[in-house]
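Here is the structure we will look at.
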Amino acid sequence: MITTTDLELRGMTCASCAARVERGLNALDGVHATVNLAVERAHVEHADTVSADDLLRAVESAGYQAAVLGAAHEHPAEHADVLAGQLRPRLIGSALLAAPVGALSMVPAWQFSGWGWVVFALTAPIVVWGGYPFHRAALRNAAHGAATMDTLVSLGTVAAFLWSAVAVITGAGHLYFEVAAVVTVFLLAGRYAESHAKRSAGAALRELLELGAKDAAVMRRSPDAGLTETRVPIAELRVGDVVVVRPGERIATDGVVIDGATALDTSAMTGESLPVDVAEGDPVLGGSLNTTGLVLVRATKVGADTQLARMAKLVTDAQAGKASIQRLADRVSAVFVPVVLVIAALTLAGWLVAGQASAAAFTAAVAVLIIACPCALGLATPTAILVGTGRGAQLGILIKNPQVLEAVKDIDTVVFDKTGTVTTGVMTVGGLAVDRGENPDVVLARAAAVESGSEHPIAAAIVAGAKAAGLPIGRVSEFASRPGHGVSGVVDGVRVEVTRSAAAHETGTAVEVCWDDRTRGTITLTDTVRSSSAAAMDELKAMGITPMLLTGDGAAVARKVAGEVGIDPADVIANVLPTDKADAVKKLQAQGRRVAMIGDGVNDSVALATADIGMAMGTGTDAAIEAGDLTLVRGDLATVPTALRLSARTLRIIRQNLVWAFGYNVAAIPLAAAGLLNPMIAGAAMAASSVLVVTNSLRLRRFAR
1 MITTTDLELR GMTCASCAAR VERGLNALDG VHATVNLAVE RAHVEHADTV SADDLLRAVE
61 SAGYQAAVLG AAHEHPAEHA DVLAGQLRPR LIGSALLAAP VGALSMVPAW QFSGWGWVVF
121 ALTAPIVVWG GYPFHRAALR NAAHGAATMD TLVSLGTVAA FLWSAVAVIT GAGHLYFEVA
181 AVVTVFLLAG RYAESHAKRS AGAALRELLE LGAKDAAVMR RSPDAGLTET RVPIAELRVG
241 DVVVVRPGER IATDGVVIDG ATALDTSAMT GESLPVDVAE GDPVLGGSLN TTGLVLVRAT
301 KVGADTQLAR MAKLVTDAQA GKASIQRLAD RVSAVFVPVV LVIAALTLAG WLVAGQASAA
361 AFTAAVAVLI IACPCALGLA TPTAILVGTG RGAQLGILIK NPQVLEAVKD IDTVVFDKTG
421 TVTTGVMTVG GLAVDRGENP DVVLARAAAV ESGSEHPIAA AIVAGAKAAG LPIGRVSEFA
481 SRPGHGVSGV VDGVRVEVTR SAAAHETGTA VEVCWDDRTR GTITLTDTVR SSSAAAMDEL
541 KAMGITPMLL TGDGAAVARK VAGEVGIDPA DVIANVLPTD KADAVKKLQA QGRRVAMIGD
601 GVNDSVALAT ADIGMAMGTG TDAAIEAGDL TLVRGDLATV PTALRLSART LRIIRQNLVW
661 AFGYNVAAIP LAAAGLLNPM IAGAAMAASS VLVVTNSLRL RRFAR
C-alpha cells in the first residue's frame, strides 16, 4: 500500500540543496519524492515498509533538517518570518560596518596611515558573524560530501578576507576587504528580500487557510440544563451538531441551515463578489462570512472533509508539486556547483599560467564563485507555481497539479457536458402528454414513485413536479436502474418503466411512462441555461478555442441549448451514453485536437480523466472533482476562460524566470572568468537575480479575470 507523507524542510538555500534532499529520499526503496525549494517542503509517496522516521533520517543524512507536517493549517510562511527575523540584525550590523570599509577601500584620498588595519578590524565581524549562515551551511554540506550555493559564497568571501589579511600582516599585496564585506552584505540583503518575497508568494494560500473559524457555538444537551449553547474548538465538532452563527461570524463547518435566514459572503472561497442569500434547507460552506441574520446550521461535514479543508489541501499539494518544465533546471542544478568550482580553479590557474598578476587571477576566480550561485534557478519555477495557484484559489479556480500549466498552452477545444455544466441542472416538469383514456395524475404519480429511487436530476424534477401538484407518491419495490436509459419498479402492483424517449423533443428532455407493455404518457422536462454560459463561449472563441457540447440528450435538445449559448451546431455531440463520453473525447484527440473537458457528474469522471485537461464543476460530485485537474469552485463557466488564461500566464512567468536564470549564469560566468566583473558587482547581481525572479512571479498576484 502506498502512503503519502509531507515533510517540512529546514536548511535548504538553493536548487542544489533541494536536489540533494530529493536524491536522498528517492534512494530509499519504494519512495518517490519531490522537493519544492520555494515552500521548503517534500511531498513523499512511499510504501508502508518505509516509516516517517526513515524519511527524516534520509533528510538528516543529506545534511538538512525535517519534520512531518501534521495539521492542515501549518504553512512555511511562519518559518519565513523566523528566517527574516534572524537575518535582519546580521544585515543591519554588517551594512553599518561595511559602509566605512567600502569608502576607505575605494576612495584613495581618504586612506590614512594604517587604514588597512582599521578595515581589517571592521571586516572581520562581517565575514565571521554576518556571513555565519553561509559558512555554517557550507561546512554542514562539506561534512556530507556536498557543495551548494553556500559553498560558493563561503569560499569566495573567506578567500577574499584571508588574502587581504595576509597582505595587511605582511605589508605587501592588494587588499580585497571591501569584496568580502560588501558581497556579504549584498547576499544577506538578497536572502532577506527573498524570505519576504516567499511570504508574499504564499499569501493567497495563507488567507485561504485563515478563513476557518477557530471555535464555534454549538447547541449541546446537558443532564442539568437541557439544550444549552456551548462554545467548543473546531476540532471537537461532530457531524450532526447544531452550530449557532451570528452576524459577523464565519460558519465553522459545512452544513445545512435548519433555522433562520441570512446573506453569506463567500468571496474569499469562490471568487463570487455578491453575497449569497440562504434560508432553511440551503447548504452552506465552512469559512463563509455571515453578514446579516442569525442562523442555525446542522453540520454535515467536519474537519478534513469540509470543502475549505479540501480546497486548502488541493492548493497545498499543487504548490508542493513540480512541473515537468522544472526537470531540466533540477538536472542542471545537481551538477552546477561542482562545475563552477572547477571553472573557478581553472580561471585562477589560467590567469597565472598566462603570466598575469596573482591579484588579477584571484579577483577573477572569486568573481566566478560569487556570480554563479544558482539561487534564481531554484526559485524560477516553484515561486511562480506558488503565486499562480494561490491566485487561482482566490478566483475560485483550484489547480490540482502543476503539470496542468504546461498542458494549457496547446488546448484548442473545450468540451462541455450539458446538464449541470452549461445548464443549471435543475430540471422542471415542463409538460405532460398522456394517451387517450389515461389519467394525467396517475401517470405523473406512478412515474414519481419509481423515480423516487433515483438521484438523477430528471428523477428529482419528476418527484418535485408530483409534489407541487399535490399528488401522493406511493412506495416502489424491485427498483432497477439502467444508466443512460431509465428506471423501473413495481408501483400499485404493476411494473412501471420510465425511460428516455426515442423521439426528439424541441423544448427539452422527454421521458416515457409505461406499464403493461404500453406507453401511458410522455413527460417533458426543461433545464435552464446558466447565465454565464454564453459569455464564456464568446470568450473562448475570442481566444481561438472551439467550444463543443457533449450530452446524452437528443440532438434537437442539444442543438437548442447550443444555439442559446453560441456553440456551432456542427460542434454538438448528442445521444452519448455516460460510458461513451470518454470515447468521444478520445476521438477528438485522435483528430489531433488538444481537449479540455468540463463536467460535473459521476458519469463525467472518466472523460475528465481522459481529456488533456479535466475541469470539474465545484458544484458537482466528488468523483468528478477527484478526476479533474482543475476545480471551478462556484460552478461558474465564466471561470473557464479565466482558468485557461491564468494557467497560460503562470507558464509564461515560469519561462521568463528560467530564461533569466539560465541566461544570467551562462552570460555572467564567462565575463567573470575573463576578469570583466568586479566581485562586488557580481555579489550584487547574484542577489538581485533571485529577488528579480521572485518579484516577477509576484506579478501573478495582480492577475484579473
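Number 442 in UniProt numbering belongs to position 442 of the sequence shown; there are no gaps in the numbering.
Virtual Cβ for every residue (Gly too), placed ideally from N, Cα, C.
Open item on the list: Give me the residue from F416, H456, G489, T413 with the minimum Cα distance to residue 707.
Closed with: This structure leaves residue 707 out entirely; the chain is present only between 1 and 705.
Task: Selected residue, minimal CA-CA separation from G93, among I399, V185, P547, V118 - done: V185
Open item on the list: Excluding the 5 residues flanking H32 on each side, which residues of the same chain have their C-beta closer than 6 angstroms to its C-beta?
Closed with: E45
Open item on the list: Here's a check: name, in chain order, each residue in its chain whose Cβ is nearer than 6 angstroms to the Cβ of T253, leaving out the five neighbours to either side.
Closed with: L237, G286, A299, V302, T306
Open item on the list: Three or more C-beta pairs under 8 angstroms: does that hold for the stretch 411-431 against the stretch 686-697?
Closed with: no
TODO: Starting from the C-beta of V166, find all residues in its chain whose C-beta is less than 8 angstroms away, skip the five residues before and the five after it, and write them out in chain order.
DONE: G173
- [ ] From the DSSP output, read off the bridge partner residues of L7.
- [x] A42, V68
Open item on the list: Check whether the stretch 466-484 and the stretch 427-444 are in contact - that is, three or more C-beta pairs closer than 8 angstroms.
Closed with: yes
Open item on the list: Taking the beta strand (DSSP E) that H32 belongs to, which residues open and close that run?
Closed with: 31-36
TODO: Check the DSSP bridge columns for C514 and list the partner residues they point to.
DONE: E497, T519
Task: Check whether G131 and V168 have beta carbons under 8 angstroms apart - done: no
Open item on the list: For a test of the three-state rule: what should DSSP assign to V691, helix, strand or coil?
Closed with: helix
Open item on the list: Could you give the first and the last residue of the continuous alpha helix (DSSP H) run that contains R57?
Closed with: 52-61
Task: Cβ pair V153, I370 closer than 8 angstroms - done: yes
Open item on the list: Please list the terminal residues of the continuous beta strand (DSSP E) segment that includes A445.
Closed with: From DSSP, A445 is part of no beta strand (DSSP E) but of the alpha helix (DSSP H) over 440-451.
Task: Burial state of R221, where buried means 16 or more other Cβ atoms lie within 10 Å - done: exposed
Open item on the list: Let me confirm a value: L700 is counted as buried when at least 16 other C-beta atoms fall within 10 Å, else exposed. Which label applies?
Closed with: buried
TODO: Could you please give the first and the last residue of the uninterrupted alpha helix (DSSP H) stretch that includes D583?
DONE: 581-590
- [ ] Check the C-beta distance from A643 over to A607 and give it rounded, since I have them as a contact under 8 angstroms.
- [x] Wrong, their Cβ atoms sit about 18 angstroms apart, outside the cutoff.
- [ ] Can you give me the Cβ contacts of A279 inside the same chain, cut-off strictly under 7 angstroms, excluding the 5 residues immediately before and after it?
- [x] V257, A261
Open item on the list: If you reduce the DSSP assignment to three classes, tell me which class G599 lands in.
Closed with: strand
Task: Unbroken alpha helix (DSSP H) run spanning M149, endpoints - done: 149-170
Task: Nearest candidate by alpha-carbon position, reference R250, set D241, V239, A263 - done: A263
Open item on the list: Here's a check: name, in chain order, each residue in its chain whose Cβ is nearer than 8 angstroms to the Cβ of G544, leaving out the five neighbours to either side.
Closed with: D412
Task: Run of the alpha helix (DSSP H) containing S647, from where it starts to where it stops - done: 639-673
Open item on the list: I'd like to know whether the C-beta atoms of T347 and A673 end up nearer to each other than 8 angstroms.
Closed with: yes
- [ ] May I ask you to report which of helix, strand or coil DSSP gives residue 707?
- [x] Any answer about residue 707 is impossible in this case: the structure gives the chain only from 1 up to 705.
TODO: For the stretch 489-499 and the stretch 441-458, state whether three or more C-beta atom pairs, one from each stretch, are separated by less than 8 angstroms.
DONE: yes
Open item on the list: Closer than 8 angstroms is the cut-off here; do at least three beta carbon pairs connect the stretch 607-618 with the stretch 628-636?
Closed with: yes
- [ ] Look up M543 in the DSSP assignment and say whether it is helix, strand or coil.
- [x] coil
TODO: With DSSP as the reference, label F390 as helix, strand or coil.
DONE: Residue identity check: residue 390 is Gly in the sequence provided, not Phe. If DSSP states are grouped into helix, strand and coil, G390 belongs with the helices.
Open item on the list: Whole angstroms are fine: how far does the CA of V284 sit from the CA of A217?
Closed with: 16 angstroms
Open item on the list: Assuming R66 and L7 are in contact, meaning their beta carbons sit under 8 angstroms apart, how far apart are those beta carbons, in whole angstroms?
Closed with: In the sequence under discussion, the amino acid at residue 66 is Ala, which differs from the Arg named in the question. Going by Cβ atoms, the distance from A66 to L7 rounds to 5 angstroms, so yes, they are a contact pair.
- [ ] Locate the alpha helix (DSSP H) running through V118, then write down its first and last residues.
- [x] 115-125
- [ ] Report yes if the CB atom of V35 is closer than 8 angstroms to the CB atom of A47, and no otherwise.
- [x] no
- [ ] Using 10 angstroms around the beta-carbon of W110, count the other beta-carbons present and answer buried if the total reaches 16, otherwise exposed.
- [x] exposed
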